[in-house]
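Residue numbers (this note's numbering), protein chains in the order written: chain P, 8 to 260; chain W, 412 to 758.
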């Protein structure tokens, strides 16, 4: 937490969120650097998803600030935060199941890149949005799936679609809520490779339960317990942290 | 290619079936008695109202019980503009009626759209009833008794379309039919636009649309206002048809009736409410002729229809052809309509 803020892409300062008497996120200060894969881990109920919701704007903090490239975005509504470069995926797959994969991603591109001709033009003619959608699908490893109805694809492919949808707005920061949730080993490996490649030109903040995965791919990690940061640093440092071993990792370390 | 809008016919055959339906409606007055022509006009106006509501219900996923208020308000606007004895041209009354209804909807929407689901239903009901009571409890527009008005006239270049008295119902019928066709085509176009896609996304998952960066609140307000203006066009047509307004046409029954027509005709097709409105009006007429327990018969028939036909009357398929499904790893990545069955619309 002593990093110089000058290079920070996304930074929170003393961020807190209370629900009645419960403090879900308590005084969290963290820094996300460009091209960094930053994993947030913690037991169930540690406030990880609340933290993502605060960063994406779906929840407003009770106190504290969020800055994106030095600009205060603490109270910017969800849809405008996307325009400023923050995109998120969901823990439970949250795609438009009855639409085609291409349409899912195109809607995401449309949100960020409203075409010059305005919204009242034929969607078939807004070619650049379709091109952007195809590009995002390709990046997410789904170029073959464009014409599929989203809900008919495998769970792993739908998780990839979630990633493609976040990519379509060409964000600076990706917030990924358990991207590996419910995946088999093969699917998880593919997703890990994808995330690693995305971290070469995006900042990724992800929540994950899979410790092997986190220690393998994360550049930086933060351990959250009861809404409070217990430790933050390089995976190796966190792994050796006494408090973390005691409170959370147990048999894993 | 992008995905075709869900509510429009997917095939040329489907569009052809709709065209045949429109032609059948256009030919009807040549064979029907004046009484049935008037009944047809009533059905077409009901279809206009239900179609405007479909923009909210079937397209955007907003169920409103205040929609009838904008319809009734527009009819009263015609009365204010063109009271008994001083008829005005339709070019004046129609845009103003639509504008006022649209603005009223924008105002109501500004508040009502802060709520969702059940609360939205209740808030729209409350606003609708407020408008109802303005006309019911005050002397504006003749109070509970209602008031006669001069039907708007159709004139252009100094010429007035003046049909002999006997043919006037036919003239009104064609004005209503023209409006219905234009409204359908306009909404079909709207569904194809980027804006239409936003509305579709909101219906499926509004929260996700917000997370993607869409200003869903603004999109819903535009849709709500637009639907209100289109309901206004229907209300204007009602005034033109009947030459009389009373508070009855504002009440929540009007909204509930339009919702029933949508349900009967089908939520899943843009033309569903049209079929629903025609069927509903026909049913009301037949039930009224057959029995004194009209509402009971109506209720039973609709209940049965909804149970037997979950997709409504528009969901009936004359036949369906299963096409071979496409390559599962199609590298071209274009929409593959063959994944869905080929349908003929029963119209």
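Quick reminder that beta carbons are idealized off the backbone N, C-alpha and C, glycines included.
Annotation for residue 34/P: the continuous beta strand (DSSP E) segment containing it runs 29-39. Within the DSSP bridge table, the entry for residue 180/P names 93/P and 210/P as partners. Here the alpha carbon of residue 432/W sits roughly 27 Å from the alpha carbon of residue 711/W. For the pair of segments examined, the region 487-499 of chain W was found not to touch the region 685-701 of chain W: the number of CB pairs separated by less than 8 Å stays below three.
Only residues of its own chain outside the window of five on either side were considered, and among them 40 and 41 have a CB closer than 8 Å to the CB of residue 14/P, listed in chain order.
Annotated three-state conformation of residue 500/W is strand, per DSSP. Only those residues of the region 622-635 of chain W whose C-beta falls short of 7 Å from the nearest C-beta of chain P are listed: 622, 623, 624, 625 and 626. Going by DSSP, residue 444/W is part of no alpha helix (DSSP H) at all; its letter is neither H nor E. Of all alpha-carbon atoms in 232/P, 185/P and 142/P, the one lying nearest the alpha-carbon of residue 101/P is that of 185/P.
Listed in chain order, the non-local C-beta contacts of residue 140/P below 7 Å within the same chain comprise 109, 112, 113, 116 and 175, local neighbours out to five positions each way being set aside. Rounded to the nearest whole angstrom, the CA to CA distance from residue 56/P to residue 214/P is 8 Å. In chain order, 604 and 606 make up the part of chain W whose C-beta sits under 7 Å from the C-beta of residue 127/P. A residue is called buried when at least 16 other Cβ atoms come within 10 angstroms of its Cβ; residue 227/P meets this threshold and is buried.
Residue 641/W is not a Cβ neighbour of residue 524/W, given a cutoff of 8 Å.
Within chain P, the C-beta atoms nearer than 7 Å to that of residue 612/W come from 103 and 114, in chain order. With contacts defined as CB atoms closer than 8 Å, residue 44/P and residue 206/P qualify as a contacting pair. Bounds of the beta strand (DSSP E) holding residue 228/P are 227-232. Taking 8 Å as the threshold, the shortest C-beta distance from residue 192/P to chain W does not fall below it. A Cβ-Cβ contact shorter than 8 Å links residue 416/W with residue 607/W. Assignment of residue 192/P by DSSP, reduced to helix, strand and coil, places it in the helix class. In this structure, residue 69/P sits near residue 25/P, with a CB-CB distance shorter than 8 Å.
Closer than 8 Å to the CB of residue 146/P there is not a single CB belonging to chain W. Residue 440/W and residue 575/W have their C-alpha atoms spaced approximately 16 Å apart. Counting only the Cα atoms, residue 542/W lies some 47 Å from residue 170/P. In terms of Cβ geometry, residue 651/W and residue 586/W form a close pair [threshold 8 Å].
Rounded to whole angstroms, the gap between the alpha carbons of residue 514/W and residue 647/W is 15 Å. By DSSP's assignment, residue 46/P forms a beta bridge with 213/P and 228/P. Chain order gives the chain W residues near residue 95/P as 622, where near means a beta carbon separation below 7 Å. For residue 71/P, no alpha helix (DSSP H) encloses it; the enclosing beta strand (DSSP E) starts and ends at 70-75. For the 8 Å CB-CB criterion, residue 663/W and residue 582/W do not form a contact.
Between residue 88/P and residue 71/P, the C-beta gap is not smaller than 8 Å, which leaves the two residues out of contact.
Separation of residue 219/P and residue 60/P (C-alpha to C-alpha, rounded to the nearest whole angstrom) is 25 Å. Chain P places no beta carbon closer than 8 Å to that of residue 525/W, leaving this residue out of the contacts. Residue contact with chain W for residue 98/P: absent (no Cβ-Cβ distance below 8 Å to any residue of chain W).
Every alpha helix (DSSP H) of 4 residues or more that sits fully in the region 96-162 of chain P is shown, in chain order, as 108-119 and 134-146.
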